[in-house]
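First to last, the sequence lines map onto chains A and B. For the first sequence, the numbering used here begins at 1 and goes up steadily by one. For the second sequence, the numbering used here begins at 1001 and goes up steadily by one. The block underneath contains the structure these notes are about, expressed in structure tokens.
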Amino acid sequence: MIEGKVHRFGDNVSTDLICPGRFYHLRGNLQELAKHTLEDADASFAKKVEKGDIIVAGRNFGCGSSREHAARIIKMSGISCVIASSFARIFFRNCINIGLPAVEVPTKNFADADIAEVNLKDGFVENKTKNFRLSFPKFPEKIVKILETGGLVEYIKENKSL
Amino acid sequence: MGKKTLAVQIISEKLSREVSPGEIVVLPVDRAFCQDGTGPLAIDGILSLSMGLKNPSNCYFFIDHAVPPPRKELANAHKKIKNFAREYKAKVIQEGICHQMMIEKFAAPFDIIVGADSHTPTSGALGCFAAGFGSTDAASAMATGSVWIKVPRSIGFKLSGKLKRGVSAKDVILKIIGDIGSSGAIYKVMEFFGGGLKNIPMESRFTISNMTIEAGAKTGIFPADEFVKEWLSAQGRSDDFRPLEAFEDAYEEKHEIILDDVVPCVACPHEVSNVERIEKVAGEPIDVVVIGTCTNGRISDFEAAFEILKNAKKLAAYLIIVPASQTVVEKMVEKGIFSRLNSLGAKILPPGCGPCCGVHEGILADGERALSTANRNFRGRMGNPQSFVWLSSPQTAAATAITGKITDPREML
Ligand code: SF4
């Protein structure tokens, strides 16, 4: 079970906004890079985010470049789950592969600072501030296992294959 | 619905059984690659798996995004890649942008290609399944030789007719993205077929497949026809050819594009799907024009731009040229394009990504406005969130470089 405070973002938040190209030289130094997480979408994000918080976004979150650094620095900033109306597919895979839950539900009734709860096992998101619940289809078994083991590398280590 | 989509045909063939959309399958990978931005993280993943590389000769590390390295951190990233590849007997390639090198040297019909770069679908124009992934998926593909995917549904795009003079494949794909939106093909494959294909040469098809990701697609695929056969034989790879045919009745969702009706289009800041017909934006002042990248950095793109630029006495915008590979540079020299552009004052960069992803070589100033033939105009893409990027065809870019404002290339032909 995941519970946290919501940081609200809009539609089409690209990996350029999450992890700007001008910090390309910091890709070998994720700690430093994480200080710029989502900088071009919300310059104050990295300062205000707290461990366990949840990102709620609109359509097509994580669109653009395949840079996995985008998903990684979101996780490193303390975010426990990303919720969006839809995800760009490479970004979605990257989240699962690094063990960051990413769930798809319609998000229009979420606002900044709402408290959200995510139940991956039963497949629902609850907005505790506004008191409503949205369900999402259960993840395929493979994805559940990858998330449970903490990401794709751990999963392969445990299973010795994909 | 008896006939299968191109994606389903390729995946079924690979697994020697009939697959259907929605199924999760583990596929053997024919080629896996990274570039200098995604490679170091993939290497960490491979080392952490301690399984080595399953097929080292099918693992490619391209050094293309920050070349030559503009600062020591990136020089060190390149060094890490080269050392790793030497030790594990993988290939290091530094002669051009990863996608251009894939189509020149490696990609072939029916291949399954895992690329740690979002524009991997470029190779799909050769009739293969080539999709973009992150570093961990690439690491896993290199270590295990396989990748898991959900067998995708496809959207069919039936092309008919012929493009008018001054209109290019870039205008076709911009129009499609404008019509279906930036998530219009999310999780799906965009497949192109129809009688109009005979009027879309190979290099133009790469421009189209390259940009399918901008509509959210998993990849873009073209049938492997005579054009693919000719392309492969021109690269000295005739033996790689195998035919792949598209069937119109395979698609539940289908769009028809009449090529004669397509007009020059421009994507406006800060979304690729923010597409307007040229007459709506003509006259917008532009400071910097970029022609090249993996989208439009092939010889036919420079020839099309040159047809307009050759008559210019001077340029009103700062023109940056970024060829997709060293082979393209050679052809530009052979055809006299290189020296004419140079004497016009254009800044010709070494082959690579150049200013496309905002790392170096052409970062925009605050408030500056660029028109580029690349594939993305997201805020900050060219290195400065305070700048603005429009996207167009090489012809529109050439006309704009001459006038310093967005210009319809048809007025200059
Ligand atoms: S040219 Fe631009 S879009 Fe193409 S691979 Fe390089 S950075 Fe990516």
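No residue lacks a Cβ here, since even glycine has one placed at the ideal position from N, Cα and C.
Within a 10 Å sphere around the beta-carbon of B:N1210 sit 16 or more other beta-carbons, which makes this residue buried. Here the alpha carbons of B:V1026 and A:Y155 stand approximately 14 Å from one another.
By alpha-carbon distance to A:C19, the top candidate from A:K48, A:E50, A:S77 is A:S77.
Cβ proximity to chain A below 8 Å picks out D1137, A1139, S1140, A1143, T1144, S1146, V1147, W1148 from the region 1137-1148 of chain B. For B:T1295, none of the residues of chain A pass the 9 Å Cβ criterion, the least Cβ distance being about 14 Å.
For B:S1233, the three-state secondary structure derived from DSSP is helix. A:I55 is positioned such that its CB atom lies closer than 8 Å to that of A:I79. The closest CA to that of B:A1217, considering only A:N60, A:A70, A:V118, is found on A:N60. Taking a Cβ-Cβ cut-off of 9 Å, the neighbours of B:C1357 in chain A comprise D16, G21, Y24, S65, given in sequence order. At least one heavy atom of ligand 1 is found less than 7 Å from the C-beta of B:C1353. Between the C-alpha atoms of B:D1287 and B:R1376 there is a straight-line separation of about 18 Å. The distance from the Cβ of B:V1151 to that of B:P1021 is about 5 Å, consistent with a contact at the 8 Å cut-off.
The beta carbons of B:S1325 and B:I1097 sit closer together than 8 Å. Around the C-beta of B:G1354, 16 or more other C-beta atoms lie within 10 Å, and the residue is accordingly described as buried. Not one heavy atom of ligand 1 is found less than 7 Å from the C-beta of B:H1078. Residues of the region 22-55 of chain A with a C-beta less than 8 Å from any C-beta of chain B: R22, Y24, H25, L26, R27, G28, N29, D40, listed in chain order. Between A:G52 and A:T107, the gap from beta carbon to beta carbon reaches 8 Å or more. Comparing alpha carbon positions, the residue from A:K157, A:V6, A:E39 closest to B:G1380 is A:E39.
Interface annotation for the region 117-137 of chain A against chain B: empty, criterion Cβ-Cβ distance under 9 Å. The beta carbons of A:E104 and A:A84 sit closer together than 8 Å. With a cut-off of 8 Å on Cβ pairs, the region 1098-1107 of chain B is not in contact with the region 1004-1012 of chain B, counting fewer than three such pairs.
In this structure, B:H1065 places its C-beta atom within 8 Å of the C-beta atom of B:V1359. The beta carbon of B:F1388 sits closer than 6 Å to the beta carbons of P1269, R1369 from its chain, once the five residues preceding and following it are set aside; these are given in chain order.
Here the alpha carbons of B:D1240 and B:I1103 stand approximately 12 Å from one another. For B:L1319, same chain residues with a beta-carbon under 6 Å away, outside a window of 5 residues either side, are V1289, A1346, A1401 in chain order. With respect to the C-alpha of B:A1143, the residue from B:T1293, B:I1186, B:C1059 having the closest C-alpha is B:C1059.
What A:S77 touches in chain B, judged by beta-carbon distance under 8 Å, is nothing: the nearest beta carbon there is about 17 Å away. Around the CB of A:D112, fewer than 16 other CB atoms lie within 10 Å, so the residue is classed as exposed.
In the displayed model, B:S1057 falls within a helix according to three-state DSSP. Going by beta carbons, B:D1171 and B:P1069 fall outside the 8 Å limit.
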